[in-house]
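Heads up, the sequence shown is in UniProt numbering, so the first residue is 1 and it goes up one at a time. Read through the structure below, which is laid out as structure tokens, and then see the notes.
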Amino acid sequence: MKVIVDLCVVPLGVGVSVSSYIARCQKILEDAGLTINLHAYGTNIEGDFDQVFAAIKRCHEDIHAAGAPRISTTIRLGTRIDREQSMQDKIRSVEEKRSAT
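Below, the structure is given as structure tokens:
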């Protein structure tokens, strides 16, 4: 089953700058072959449900191994079985409607 996820990973106990930890997670997601889109407060991920969640688990394991004693993660997800729809399809649909008004 395909899933689209909005992932926000926040390492805790590592100071105020967390970008190096987020970069590690981005590399894991890329190496997993997932479609990703980094944004200001997280990452959108598209792929097979099990592969996406296995990669998120690897992100947690890697960030802990890099020294973060705690991680707070927020996940929003959507699945659809009536038809194929990518992240880009969803964006394009909104942009088309916006330009039509």
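Just so you know, even glycine gets a beta-carbon here, dropped at the ideal spot from N, CA and C.
Original post:
Is Ala54 near the ligand ATP, in the sense that its beta carbon is under 6 Å from a heavy atom of that ligand?
Top reply: The model depicted lacks the ligand ATP and carries no ligand whatsoever.
Original post:
Terminal residues of the continuous beta strand (DSSP E) containing Ser72?
Top reply: For Ser72, the enclosing beta strand (DSSP E) stretches over residues 70 to 79.
Original post:
Exposed or buried, what is Gly42 when buried is set at 16 or more other beta-carbons lying within 10 Å of its beta-carbon?
Top reply: The residue is buried, with at least 16 neighbouring Cβ atoms inside 10 Å.
Original post:
Going by C-alpha distance, which of Phe49, Lys97, Leu34, Cys59 is nearest Arg24?
Top reply: Ranked by Cα distance from Arg24, the options Phe49, Lys97, Leu34, Cys59 are led by Cys59.
Original post:
What is the DSSP secondary structure of Glu46, counted as helix, strand or coil?
Top reply: Residue state for Glu46 is assigned as strand, using DSSP reduced to three classes.
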